[in-house]
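Here is the structure we will look at.
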DNA sequence: GTTGGCACTCTCGAGCGTTGAGTGCTAACG
DNA sequence: CGTTAGCACTCAACGCTCGAGAGTGCCAAC
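Residue numbers (the working numbering), protein chains in the order written: chain W, 1045 to 1415; chain P, 1045 to 1415.
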């Protein structure tokens, strides 16, 4: 009896490219699942016979062959050449991820171990992002990517002006999302206005207090609008603050933290280094992850992008499993893994999912002392 | 007449492993130089005949062969197999770098272009380190590494305590070298002491002023010693400051900026990705560059480490060309390139040298308004 | 000391069977 | 009608040989 595969949302949303609803018999499902899992494990095209002896499907190789032929006809499997075993297509992986995969929860033991590691480290420093990246990379044996939590739009929080020992003045700007950026004031601009009265810490404090009273929550354009005319200390500060805000806007994810690149180097599909070239380039430039942010803001949960589903050509041979963390309205970041399409999806999805919710929890309780 | 090669210091110091002084005839020098330059260009073992037609040495191939045999006997050349051309050994590159290379100065046009690019970018943000990395990578077609300028020992400069909108208190610490770190105060610790009097910005300012008066220039241990007993706001701040200083100490180069890794992926010697594995791992972990810092503090100038001269096994197939920038007593950083031993040394040394002196100049004039 | 000549070595790539895993098809079976 | 055993077929991978070519070392002559 052909029985249609249940689409099992499993608390995660997907790339949603081709939600092509494929009807498969139960046998076809088992075979597809077996092929995916064997291939992920061995990296060798899997044939009907080897499938037979690794999984206890109660049928003969001939039957499996015919199932495989069916699956190939629907575009879920393909063979590298005529007389080789089958390999899952991108679509095949998709179906596997959406309806054939078991176990969506991370093993409680692992959960505890991860949680413990996070308890050891300061949340403020970006050491904890590195930790997340390292855990991700280690547990999935893929490359991992973590971006710091940044608000989509940088907003003024609090400014502090500091007279330094060497005579320069430092402008420390706390953004509304809690991040801190700083820059020295342009000395020549300050000197120009200091002709009449020398500028000391008192003057700086006064200007800072004024800014703090007037600009709380404002974004870069508003700050620029409400800034005094040139020639004053206020204008120099305003210029600096505005420019800091703009810079924070531009570089939404200015730094991305990666780990485990060597893991994917080890995968046989990337044995010839040049295949990695494009991927590495994308990973280095941060623009790509900026594109991802809106998508993440719209739908929470774990996203999976498999091979050609990715709009970027260089990423056609890799899959991404990633999720946002943080609050959409406040600071939002993402974390995920990048590996060959032949990726241990269950493990990756579990780990990314757990880590994202854990980091959510940590960031929230830390931010709001929320309880 | 055998004429000994002049060791030409060229304003740069070297790995200084085996300053084995080798006496070479003028012909041998020319041949070695030609072999190195050809091989760097083509990546193909160079034979006597092909050498003949690319360079106008006024002799026959047989003569060159004999010279090559001599060079091989001294260990400056080697052949991959009996009937192949010659390839420079690590020692061969060393001799080339120390005495055979011409032109130690970067082309003035390039100098101007680089200087111009730097004028476009804020010195404070680490955008300018990225720029340096990008220039290095682009101009040498190797991977580049830049570390931020950090002082060897983090010292207290100035502290500022800020009451945030969400109720938390932020501790912003300006280090003596001008870097800024920050961390939220441990809320529970603060709450515990605030029983009697609520803590507002005024109280925070008072504590900060006290710290600034007492602790200028101190390192972590001193701060810890001179911190009040537990239970006060002072102690909470002191704890945070000390811990920030310690963290800055531990992570002397906590983040390293790299660029152009894909360049070295393109090199034929790394066509099989796994060879890069070890190198990438070293590049990712920052410990290695920490080891380099003392060396750099001792001797300024461009350093070259070729292949096996490197104490780290994973780096036996690559060369490093790097130099420090900044002031040894203040903040010190390094920049350099990493590529196959078959590297365009003259170009790399020129670029690294120029960039290091340029960044020195910029950082100095920016720091001290020095003129 | 240099050079032309020459025999020798060794890698590289093309060509070519052999092997074996894997397939598709078909005819028999329950 | 779905399942299965059997069989002919395909095709990458492997190992082999063999010639080409680049490069060498050596030696006798200049």
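Positions of the beta carbon are idealized from the N, C-alpha and C atoms, including for glycine.
Note that the structure is predicted; figures quoted are calculated from it, not measured.
- Under the Cβ criterion (8 Å, minimum of three pairs), the region 1177–1193 of chain W does not count as touching the region 1350–1357 of chain W.
- Within chain W, the C-beta atoms nearer than 7 Å to that of residue 1218 of chain P come from 1206, 1208, 1214, in chain order.
- The region 1370–1379 of chain W and the region 1193–1201 of chain W touch, with three or more beta-carbon pairs separated by less than 8 Å.
- Between the alpha carbons of residue 1257 of chain W and residue 1173 of chain P lies a distance of about 35 Å.
- For the pair residue 1124 of chain W and residue 1118 of chain W, the CB atoms are not nearer than the 8 Å cut-off.
- Residue pairing from DSSP places residue 1188 of chain W in a beta bridge opposite W:1303, W:1381.
- Residue pairing from DSSP places residue 1219 of chain P in a beta bridge opposite P:1200.
- For residue 1306 of chain W, the C-beta contacts it makes with chain P under 7 Å involve 1321, 1324, 1325, in order along the chain.
- Residue 1087 of chain W carries a coil assignment under DSSP once its states are collapsed to helix, strand and coil.
- Taking a Cβ-Cβ cut-off of 8 Å, residue 1162 of chain W has no neighbours in chain P, whose nearest Cβ is about 17 Å from it.
- A direct Cα-Cα distance of roughly 29 Å separates residue 1105 of chain W from residue 1350 of chain W.
- Cβ-Cβ distances below 8 Å link residue 1116 of chain P to 1122, 1123, 1130 in the same chain, with the five nearest sequence neighbours on each side left out; the list follows chain order.
- The DSSP assignment places complete beta strand (DSSP E) segments of no fewer than 3 residues inside the region 1334–1358 of chain P at 1347–1350, in order along the chain.
- Separation of residue 1270 of chain W and residue 1191 of chain W (C-alpha to C-alpha, rounded to the nearest whole angstrom) is 32 Å.
- In the DSSP assignment, the residues bridged to residue 1194 of chain W are W:1376.
- Taking 8 Å as the CB threshold, residue 1227 of chain W lines the interface with chain P.
- For the alpha helix (DSSP H) assignment, the uninterrupted runs of no fewer than 4 residues enclosed by the region 1261–1299 of chain W are, from N- to C-terminal side, 1264–1269, 1277–1294.
- When the Cα atoms are used, residue 1089 of chain P and residue 1312 of chain P turn out to be separated by approximately 13 Å.
- Taking 8 Å as the CB threshold, residue 1375 of chain W stays off the interface with chain P.
- Taking one beta carbon from each stretch, the region 1137–1154 of chain W and the region 1383–1402 of chain W have 3 or more pairs nearer than 8 Å; the two touch.
- The alpha helix (DSSP H) runs of length 4 or more contained entirely in the region 1109–1152 of chain W are, from start to end of the chain, 1134–1139.
- The contact set of residue 1166 of chain P on chain W, defined by CB atoms closer than 9 Å, consists of 1227, 1287, 1291 in chain order.
- Counting C-beta pairs with one atom in each stretch, the region 1276–1286 of chain P and the region 1249–1266 of chain P have three or more that are closer than 8 Å, which means they touch.
- With the criterion set as a beta carbon lying under 8 Å from some beta carbon of chain P, the members of the region 1185–1204 of chain W are 1201, 1202, 1204, in sequence order.
- For residue 1405 of chain P, no Cβ of chain W is located within less than 8 Å of the residue's own Cβ.
- The beta-carbon distance between residue 1227 of chain P and residue 1212 of chain P, rounded to whole angstroms, is 10 Å. This is too long to meet the 8 Å contact definition.
- By the Cβ-count criterion, residue 1205 of chain P is buried, with 16 or more other Cβ atoms from all chains shown falling within 10 Å of its own Cβ.
- Linking residue 1333 of chain W to residue 1315 of chain P through their CA atoms gives a straight-line distance of about 28 Å.
- Nearest to residue 1364 of chain W by alpha-carbon distance, out of W:1398, W:1338, W:1327, is W:1327.
- According to the DSSP secondary-structure assignment, residue 1364 of chain P is paired through a beta bridge with P:1349, P:1382.
- Annotated three-state conformation of residue 1214 of chain P is strand, per DSSP.
- Remark: C-beta atoms of residue 1135 of chain P and residue 1156 of chain P do not approach each other more closely than 8 Å.
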